[in-house]
Amino acid sequence: MIRLHQICWQAPGATFALQDVDLYVPSCTYAVLMGNTGSGKTTLMEILCGLQRPTSGRVEVNGVDVTDREPRHRDIGYLPQDLALFPAMKVAEQIGFAPKVRGKGAEAIREIVEGLADELGIKHLLERRPQNLSGGEKQRVALARALAANPAVLLLDEPLSALDETRRDDVAQLLKTLQRRHSLSVIHVTHSRTEAEALADLRLSLRDGKIVEE
Amino acid sequence: MRKQRLSLFWILLAAVCALYLLFWGLMLVATMAYTSPEAWWEALTSPQIRYATQLSIWTSTAAASLALLLAIPISYLLSRFEFRGRSLVDAALDIPIVLPPMVVGICLIIFFQSKIGRAIEQVIPLTYQVGGVVLAQFTVAAAFAIRSMRGTFDQLSPRPEDVALTLGCSRFGALWRVALPSARRGMVAAFCISWARSLGEFGPILVFAGSTRMKTEVLPTTVWLEMSVGNLESAVAVSMLMIALAVAVLIVVRVSGERL
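Right, here's the structure in full:
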């Protein structure tokens with residue numbers, strides 16, 4: 000469950016602001032957040048996962064106030080729009096990154112990596128580096144990397160925008176399947192109404208710095 | 000890079016490039032022609048010059064290593080963290096680059112005559128010592144390393160580090176596990192630039208560490224010493240050695256840029 004309570008944020012040196020944003024996404028819900036370019040969707044995602052500090056307000060995950068917690072202590076996985084794969088690491092290292100940082104042993108890491116690679120159909124890519132992957136392959140690697148951290152919440156910032164239409168449907172289905180299988184709360188940011196209609200259990204819209212349910 | 004049509008504009012730019020390379024080429028050829036292979040061999044096998052060569056390589060490596068160790072945290076801070084006065088700090092870090100080298104040497108020697116400086120010297124003797132050579136080289140080389148690494152970190156997207164924070168990393172972890180591996184090429188380039196700068200440092204070393212033969216004499220001070228006793232052939236031979244070392248550094252930077 001994710002809750003934002005009266006979140007305020009002011010862009011430095013600009014007039015744009017988020018004002019008293021309230022958001023509630025129940026557990027195991029696929030929420031789609033829509034909004035025009037520049038409406039603050041990415042900023043909201045960054046506030047949720049702790050990469051930006053709000054001016055005021057509260058962020059709660061599963062009933063726990065995480066507003067003052069670092070990103071690593073929030074149990075939130077984040078897929079930015081550009082996926083941000085680690086340039087110097089092979090796919091296996093990318094997926095094994097979170098378990099390794101959290102101190103898991105080599106055998107446990109190998110199991111997690113192979114399990115997720117199998118689930119996402121990327122076992123054949125484990126020895127490749129990001130520059131040798133297609134857009135769709137990068138998407139799957141980024142998803143596997145986020146899921147390896149076993150998050151309670153997954154934030155997806157325009158995950159389908161860089162894909163062509165045939166791939167978009169496949170990946171959309173994959174996202175929905177993963178959400179159910181891993182019992183995740185997902186916030187999927189997009190400006191596409193088609194994506195919202197295909198995926199959303201809950202449709203939200205960010206307009207003029209406020210969230211409305213559609 | 001797409002293939003361009005040859006036009007007068009590109010020809011003129013190429014002519015400017017060619018003239019500048021010709022200027023340097025003529026100077027190097029004239030320098031090489033001045034000395035003879037026998038003079039070069041005599042210079043290179045002399046115990047004093049061999050000592051100066053070894054000391055130069057050792058101290059430049061130490062200074063460049065320290066410069067890189069300092070440059071990484073400072074440049075990462077300036078690149079990734081917004082704070083009041085950042086542009087002032089950024090400008091201040093360039094001061095050693097623009098200061099006349101002799102002034103750097105004078106500042107060092109005056110500082111180490113102060114109370115704090117004398118206390119440091121009790122633990123690590125530096126003035127007119129080999130340690131002083133490293134410090135004099137480091138003082139200027141660090142500024143170049145910082146500038147170089149700042150460019151590297153500015154070019155790297157901070158997004159992968161942001162994602163690393165959500166995957167369980169602390170800020171240090173994101174730097175160590177994600178940013179530094181991505182900055183490998185930049186680190187090699189910063190090290191090589193600092194090394195080359197250290198190798199060529201003269202003014203601060205002369206003032207602060209002196210140029211005692213078989214003790215604090217390094218290659219640039221060897222050139223000065225040889226010239227001051229009228230031994231121009233020897234000075235030229237040592238100069239050619241320094242040019243060869245500088246070219247070797249350039250090759251390393253290029254090759255590492257392609258391999259990493």
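For the record, the sequence lines run as chains A and B. So for the first sequence, numbering that gives the first Met the number 0 puts the first residue at 0; every next one is plus one. So for the second sequence, numbering that gives the first Met the number 0 puts the first residue at 0; every next one is plus one. C-beta atoms are modelled at their ideal positions from N, C-alpha and C, and glycine is treated no differently.
Per DSSP, the bridge partner or partners of residue i
i      : result
A/K209 : A/R206
A/A245 : With chain A represented from 0 up to 213, any question about residue 245 of chain A goes unanswered, as that position is not in the structure.
B/M26  : None, per the DSSP bridge assignment.
A/L201 : A/A30
A/V188 : A/L32 and A/D156
A/G76  : A/L153
A/D64  : A/E59
Boundaries of the beta strand (DSSP E) in which residue i is found, first to last residue
i      : result
A/D21  : A16 to V24
B/Q136 : That residue, B/Q136, is in no beta strand (DSSP E); its alpha helix (DSSP H) goes V129 to Q154.
A/L82  : Looking at the DSSP string, A/L82 is not in any beta strand (DSSP E), and its letter there is neither H nor E.
A/R2   : I1 to Q9
A/M44  : Counting along the chain, A/M44 falls outside any beta strand (DSSP E), though it belongs to the alpha helix (DSSP H) covering K40 to C48.
A/R57  : S55 to V60
Contact list for residue i against chain B, beta-carbon separation under 9 Å
i     : result
A/V90 : Ordered by position in chain B, no residue passes the 9 Å Cβ test against A/V90, which lies about 14 Å from the chain.
Proximal residues of chain A, C-beta to C-beta of residue i below 9 Å
i      : result
B/D161 : E45, C48, L50, P70, Y77, P79 and A83
B/P180 : F85, P86, A87 and M88
B/V177 : F85, P86, A87, M88 and F96
B/L68  : Those do not exist, as B/L68 stays about 20 Å from chain A at its closest Cβ, beyond 9 Å.
Extent of the continuous alpha helix (DSSP H) run through residue i
i      : result
A/E113 : A105 to E118
B/A42  : P36 to T44
B/V103 : P100 to F110
B/M226 : L218 to S227
B/L5   : No alpha helix (DSSP H) holds B/L5; DSSP gives it neither H nor E.
B/S197 : R183 to G199
B/R85  : R85 to A91
B/K114 : K114 to V122
B/E160 : R158 to T165
B/R170 : R170 to A173
B/V97  : I94 to V97
A/P98  : F96 to V100
B/L205 : G202 to F207
CB-CB length for residue i against residue j, believed under 8 Å
i      : j      : result
B/A178 : B/L164 : Actually they are not in contact, since the Cβ atoms of B/A178 and B/L164 sit about 12 Å apart, beyond 8 Å.
A/M33  : A/S184 : Not really, about 17 Å apart at Cβ, beyond 8 Å.
B/T151 : B/A182 : 5 Å
A/I6   : A/V60  : Their Cβ separation, rounded to whole angstroms, is 14 Å, which puts A/I6 and A/V60 out of contact at 8 Å.
A/G135 : A/R101 : Wrong, their Cβ atoms sit about 28 Å apart, outside the cutoff.
A/C48  : A/Y77  : 5 Å
B/L54  : B/V217 : 5 Å
B/T138 : B/P203 : 6 Å
A/V112 : A/I94  : 5 Å
B/A62  : B/V133 : 5 Å
B/L205 : B/G104 : 7 Å
B/A236 : B/W39  : 4 Å
B/V248 : B/C191 : 5 Å
A/A148 : B/L166 : 5 Å
A/P158 : A/L177 : Not quite, the Cβ-Cβ distance comes to about 11 Å (not below 8 Å), so this is no contact.
A/G208 : A/A16  : 6 Å
B/A141 : B/F207 : The pair is not a contact, with the Cβ atoms about 15 Å apart (cut-off 8 Å).
B/T52  : B/L240 : 7 Å
Under 8 Å by beta carbon: chain B residues contacting residue i
i      : result
A/A143 : Simply none; closest approach about 12 Å.
Contacts that residue i makes with chain A (C-beta to C-beta distance below 7 Å)
i      : result
B/G167 : R71, A97, V100, R101 and A148
B/G172 : V100
B/R76  : Per the sequence shown, residue 76 of chain B should be read as Leu rather than Arg. Under the 7 Å cutoff, chain A gives no residues; its nearest Cβ is about 18 Å from B/L76.
B/L12  : Under the 7 Å cutoff, chain A gives no residues; its nearest Cβ is about 32 Å from B/L12.
B/L21  : Chain A residues near B/L21: none, gap ~39 Å exceeds 7 Å.
Per-residue contacts from residue i into chain A (C-beta, under 8 Å)
i      : result
B/L156 : Strictly speaking, residue 156 of chain B in this sequence is Ser, with Leu absent from that position. Those are D81 and A83, listed as they occur along chain A.
B/L25  : None at all; the shortest Cβ gap to chain A is about 43 Å.
B/L87  : Chain A residues near B/L87: none, gap ~18 Å exceeds 8 Å.
B/L7   : None at all; the shortest Cβ gap to chain A is about 38 Å.
B/L92  : Those within 8 Å of B/L92 in chain A number zero; the least Cβ separation is about 24 Å.
Cross-chain neighbours of residue i in chain C, by beta carbon under 9 Å
i      : result
B/L107 : Protein chains A and B are contained in the structure displayed, whereas chain C is not.
Report task. Could you tell me which uninterrupted alpha helix (DSSP H) segments, each at least 4 residues in length, are contained entirely in the region 113 to 183 of chain A, listed from first to last along the chain? Result -> 134 to 146 and 164 to 180
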